[in-house]
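Everything below concerns the one structure shown next.
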Amino acid sequence: MANAESVVFRKSYHIEGGNFQSAGSVSKKIKQILKQLNIDGEIIWRAMIVAYEAEMNVVLYASEAEVILEISPKKICMIFKDKGPGIPDIPLAMTEGYSTATREMRERGFGAGLGLPNIKKTADNFDIQSTVGSGTQLIIDINIF
Amino acid sequence: MQLHEIVKLLGAEVLVGAGDLDREISAVHASDLISHVLATCTRGALWLTGLLDSQIVNTAELFDLSAVVFVANRRPTQDIIEAAEMENVPVLCTQYTMFESCGLLYSKGLKPSRRCG
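The following block contains the structure:
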């Protein structure tokens, strides 16, 4: 999270788990804001990788989530706090190719077990905390400079 | 290579984006997995797929992909076409299979969409 005094933009969003109709809409809103702030296209592109991966994780696995977007002059910070089953083994979930996706998720083109590793690879800072039976929180930073 | 040359090469039908065929394309991603697009695709790539899902257009728009080509005569549903019109994502449809489409594009010098590092 950025220091409170350095945050120039802060907004929160809600993601509904299981709703494919609205899936991606939060990432789109975030993209629109980053474009309005004239942030470099390459940085927006990286922010979209992590935002969409995290948003789809909520849609696929959780019941709902709150997303907090904080933009400071130095970085874009996104916090995804979901209510859901949680992740029992985080190192395993961070392994490329490991997935608990259902057949339906795979038929929709998701669930290859690449999401969390891709977020970690793309982000400048990444933190994951999870409580089984309660939910998962991701804190993701993308540096602007 | 510009998108209109790809239309010709693949004998493709332009379902959305007839006014955007001057887009320059140098890399191609071929996959039915959105997960793979998110993990490997580069900006501006052309996406060949047989997957018909409402998230196709979101994915293409969010990741600045140049266009989506549905292979093997897979016809996108009306909601995909409407979403692509709204998001300004060109959509093509070709009778060539994924294998044939990739071969044709590769033979003309297009490169795989691949991230460094």
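From first to last, the protein sequence lines stand for chains A and B.
Read the first sequence against numbering that gives the first Met the number 0 and you will find it ends at 144, with the numbers running on by one and no gaps.
Read the second sequence against numbering that gives the first Met the number 0 and you will find it ends at 116, with the numbers running on by one and no gaps.
Think of the CB as a built atom: it goes at the ideal place given N, C-alpha and C, for glycine as much as any other residue.
C-beta atoms of residue i and residue j nearer than 8 Å
i	j	result
L64 (chain B)	C40 (chain B)	yes
I127 (chain A)	T121 (chain A)	no
V66 (chain A)	I75 (chain A)	no
I141 (chain A)	A53 (chain A)	no
V27 (chain B)	L91 (chain B)	no
R125 (chain A)	L59 (chain A)	The residue asked about is misnamed: residue 125 (chain A) is Phe in this sequence, not Arg. No, Cβ-Cβ distance for F125 (chain A) and L59 (chain A) is not below 8 Å.
L37 (chain B)	Y51 (chain A)	yes
A22 (chain A)	H35 (chain B)	no
I29 (chain A)	N117 (chain A)	no
I55 (chain B)	G43 (chain B)	no
Any C-beta of chain B under 8 Å from that of residue i
i	result
K74 (chain A)	no
Y12 (chain A)	no
I48 (chain A)	yes
S21 (chain A)	no
S26 (chain A)	yes
L113 (chain A)	yes
N117 (chain A)	yes
E145 (chain A)	The structure shown does not extend to residue 145 (chain A), since chain A is modelled only from 0 through 144, so no value can be given for it.
F79 (chain A)	no
G108 (chain A)	yes
Counted within 10 angstroms of its Cβ, other Cβ atoms place residue i as buried (16 or more) or exposed
i	result
P75 (chain B)	buried
N57 (chain B)	buried
V6 (chain B)	buried
G17 (chain A)	exposed
P87 (chain A)	exposed
Short CB-CB distance (under 8 Å) between residue i and chain A
i	result
F98 (chain B)	no
H3 (chain B)	no
L47 (chain B)	no
A38 (chain B)	yes
H35 (chain B)	yes
R42 (chain B)	yes
D31 (chain B)	yes
When the options are compared against residue i, the one with the closest alpha-carbon
i	options	result
E86 (chain B)	A:K73, A:S24, A:K82 and A:N117	A:S24
V70 (chain B)	B:G10, B:H3, B:M0 and B:Q1	B:G10
L33 (chain A)	A:L91, A:G114, A:T101 and A:V7	A:V7
F98 (chain B)	B:S30, B:L2, B:E4 and B:H3	B:S30
R73 (chain B)	B:T93, B:A17, B:V15 and B:A66	B:T93
M0 (chain B)	B:C115, B:R113, B:V13 and B:G108	B:G108
Under 9 Å by beta carbon: chain E residues contacting residue i
i	result
G16 (chain A)	The structure shown has no chain E; the protein chains it does contain are A and B.
Beta strand (DSSP E) runs contained entirely in the region 14-94 of chain B, provided each spans 3 or more residues: 26-29, 45-48, 66-69 and 90-92
Runs of beta strand (DSSP E) lying entirely within the region 47-89 of chain A, each at least 3 residues, in chain order: 63-70 and 74-82
Whole alpha helix (DSSP H) elements within the region 9-50 of chain A, 4-residue minimum: 24-35
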